[in-house]
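For reference, the structure discussed in these notes is given below.
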Amino acid sequence: MSVLEPTDLTGREVLSAFRKGTTQVSVKSSDDDASLTPVISPATNLPVCWFVPTPNEDIDAIVQEAEQALNQPAVVGDDTAPAWSDPAAGPQRAAVLQKWAALLRQHVNTLARLEVQQIGRPYKEMRFQLSRLPEWFDYFAAMIITHHDQVTPWKQGGYLNVVHRVPLGVVANLTPWNHPLLITIKKLAPALAAGNAVVIKPSELAPASIIALVQLGHQAGVPPGIVNVILGAKDQAQCLIRHPTIAKVDFTGGPATGRAIGAAAGENLASVTQELGGKAPMIVCAPKHVEQLNQETIHNEYLQPVVNGCAFGAFIASGQTCIAGTRLLVDARWYQDFLDKLVAKTRVFRLGDPLDLATTIGPVITKKQTNWIHETLQAGIEDSGSILQILCGGKKFDGLSGTPFAEGNYYEPTIVAVDSKLAKGMMSKSNSTAKAARDRVAELHHSNSLFQTELFGPVVVVAPFYDTTHAIEMANDTAFGLGASIWSHDLVEAQSLASKVRSGIVWINDHHKNHPSSPWGGLTKASGIGRENGHVAFLEYSQAKSVVMNCRPFTSDWFQDPNARYN
């Protein structure tokens, strides 16, 4: 079946659940059917497609069929090939993943348009992000071929211990709306490489591109029943998680939902991997000799490149990523210069039609989320006692009236900053004045919601730091520990700071970079459990099986031989 074209999603299409490796797409002449759930474009607040939520009885059948498919020998022409979960099927699994990667490369533009229509992210972003997705299938295809069983040391002679990796079985992937394809593939690739069957429950806000992805998988040769999709929201997710056959649940989303999923999965002793919340700090260090540099050198050679990087870290995807750099901690010595540059950078962002390549900032996912961001922002400003100031943004964007996007969920890119007087106070020659300013900023950071709450929108909050010890204290003063970045011209200093930041992913002089070989996950419970990417993800989708072989001709008779030893 061909990939859904973007134009299809402007009609009355219903995207139905996968069963037995097929997809049913029915055309409806009306959207009045109460059984249909619309997918709403955040750019227009109009439906782009409709889908039928998967009934609970179908979920049970899908999971059972997936379990059967795992051990079903594949038919290739006139021959029978090993079952998907069989270790001997490794070359088959690798070939399927490689072909799937090739198909992804062919359809990048179509898939990017699907993503844009669902979630409103600018086409420029999605086209480049999706162009990298084949790397995950290629990486884990290579891992299938290169992974070998282990032989472990055995103290007593005459024994051989071989450790095999075996699949878990049927696993559930619960994926979010903000990176539908990226996050799904990060979970799907290692799961399939390890020999599992997968049931995907995409976000009800963005299911269309996942359906297209799995259609490509079927073209690549994924056997029927090995990759399945159920559609719906909370009810469908709970039904899937609580199914007694599910061996593992892999979820990306918020901490509150993560707790509920962990509790539900625990009822059946299913293992859990979760990537949860974040409030990533970006620590911006000034050159040690900054006081000796003239303004032109500071701005052009040192400051502007860092501002460019931090603007990307904060505002890409309109801040709607778990690793968005939404806490900026800036050396007090160039705090005001940094703020001036960052505000100037932000003011040239362009909001509008996400399919226009000139658009740099897209909408927030829903009206409800947009309103919550605004209310939380206003409350944080008020609670700060005028210490926090809005330097730009801070309101819904009204520059699209008269266009199809006038009703979209656009929010102006917003910079909230600690009053620069406190940065100046930190640089005072009076130790008591400097300490008072330092302590006041630290207390504000600890208590104010704008530093502690994940807003998931285009809002960044900025604070000065006195020294790198102060910076690390604030960077780690949060429940989250997913991502962070260090910006410094001194790489020795940057490495030292990276070792002290409590985050599972730390970038130096960059942000957001992702690679299939690089483990991805949080160091605190609020940011998740387990890891995506790399060999560790492959291991988490399999389990160890020890085969202990006595290489001697016989064992001693424990009950008769007085010299027998209990090993």
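The sequence shown begins at 1 in full-length UniProt numbering and counts up one residue at a time.
For glycine and all other residues, C-beta sits at the position ideal for the given N, C-alpha and C.
| query | What do you get for V350, buried or exposed, if any count of 16 or more other CB atoms within 10 angstroms of its CB means buried? | reply | At residue 350 the sequence reads Arg, which differs from the Val that was named. With fewer than 16 Cβ atoms within 10 Å of its Cβ, R350 is classed as exposed.
| request: With distances taken Cα to Cα, identify the nearest neighbour of G385 among N268, K345, H445, L497. | output: G385 has its Cα closest to that of H445, out of N268, K345, H445, L497.
| message | Let me confirm a value: D561 is counted as buried when at least 16 other C-beta atoms fall within 10 Å, else exposed. Which label applies? | response | Taking all protein chains in view, the Cβ of D561 is surrounded by fewer than 16 other Cβ atoms within 10 Å, so the residue is classified as exposed.
| query | What span of residues does the beta strand (DSSP E) with residue 595 cover, start to end? | reply | Because the chain in this structure spans residues 1 to 567, residue 595 falls outside the shown range and cannot be described.
| task | Please determine, among E65, G362, I387, the residue with the shortest C-alpha to C-alpha distance to Y410. | result | Cα-wise, what sits closest to Y410 is G362.
| task | State the Cα-Cα distance for the pair V27 and L111, rounded to the nearest angstrom. | result | Caution is warranted here: a pLDDT of 30 is assigned to V27, below 50, making its placement in the model unreliable, and no coordinate value can be reported.
| message | Taking only three categories from DSSP, how would you classify S271? | response | The DSSP-derived three-state label of S271 is strand.
| request: With a threshold of 16 other CB atoms inside 10 Å of the CB of M282, please say whether the residue is buried or exposed. | output: That one is buried.
| task | Could you spell out where the alpha helix (DSSP H) holding A494 opens and where it closes? | result | A494 -> alpha helix (DSSP H) spans 491-500.
| Cβ pair A463, V441 closer than 9 Å | Taking 9 Å as the Cβ cut-off, A463 and V441 qualify as a contacting pair.
| query | If you draw a straight line from the C-alpha of A66 to the C-alpha of N228, how long is it? | reply | C-alpha separation (whole angstroms): 8 Å.
| Per DSSP, E532 forms a beta bridge with which residues? | Note: E532 sits in a beta bridge opposite W520.
| Would P458 pass as a contact of G120 if the rule is Cβ separation under 9 Å? | No, the pair does not count as a contact, with Cβ atoms beyond the cut-off.
| query | Is it buried or exposed for S85, if we count other Cβ within 10 angstroms and need 16 for buried? | reply | Within 10 angstroms of the beta-carbon of S85 lie 16 or more other beta-carbons, which makes it buried.
| said: For L213 and P180, what's the separation of their Cα atoms in angstroms? | reply: Just so you know, the alpha carbons of L213 and P180 end up roughly 10 Å apart.
| Should the stretch 162-179 be regarded as contacting the stretch 99-108, the criterion being three or more beta carbon pairs within less than 8 Å? | Judged by Cβ distances under 8 Å, the stretch 162-179 makes no contact with the stretch 99-108, as fewer than three pairs qualify.
| query | Under a three-way DSSP split, which group does residue 570 fall into? | reply | Here the chain comprises residues numbered 1 to 567, so residue 570 is not present and cannot be evaluated.
| task | Note down the Cα distance separating A344 from I415, rounded to an integer number of angstroms. | result | When only Cα atoms are considered, A344 and I415 end up about 11 Å apart.
| said: So, with DSSP's three-state summary, where would you put W372? | reply: Assignment of W372 by DSSP, reduced to helix, strand and coil, places it in the helix class.
| So, is S447 buried or exposed, given that buried needs 16 or more other C-beta atoms within 10 angstroms? | It is exposed - the Cβ of S447 has fewer than 16 other Cβ atoms within 10 Å.
| Ordered along the chain, which non-local residues of its own chain (more than five positions away) have a Cβ less than 8 Å from that of A194? | The answer, listed in chain order, is R165, P167, L168, F538, Y541, S542.
| field | Three CB pairs or more closer than 8 Å across the stretch 273-288 and the stretch 87-99 | value | No, the stretch 273-288 is not in contact with the stretch 87-99.
| What does a CB cutoff of less than 6 Å around W558 pick up in its chain, not counting 5 residues either side in sequence? | Taken in chain order, the residues that qualify are A564.
| How would you call R93, buried or exposed, if buried means at least 16 neighbouring beta carbons within 10 angstroms? | Buried: at least 16 other Cβ atoms inside 10 Å.
| request: May I have the straight-line CA-CA distance separating residue 570 from V116, to the nearest angstrom? | output: In this structure the chain extends from 1 to 567, so residue 570 is not present and cannot be described.
| query | Which value, in whole angstroms, describes the spacing of the CA atoms of V222 and R327? | reply | Taking the straight line from one Cα to the other gives about 43 Å.
| field | Candidates P305, A270, Q274, of which the one nearest C285 by Cα | value | Nearest option by C-alpha distance: P305.
| message | Check for me: the beta strand (DSSP E) holding V249 runs from which residue to which? | response | That run of the beta strand (DSSP E) goes 246-252.
| field | Residue closest to V461, alpha-carbon to alpha-carbon, out of G394, A436, S499, V501 | value | Among G394, A436, S499, V501, the Cα nearest to that of V461 belongs to G394.
| message | Just list the residues that DSSP pairs K201 with in beta bridges. | response | According to DSSP, which records beta bridges pairwise, K201 is partnered with L174.
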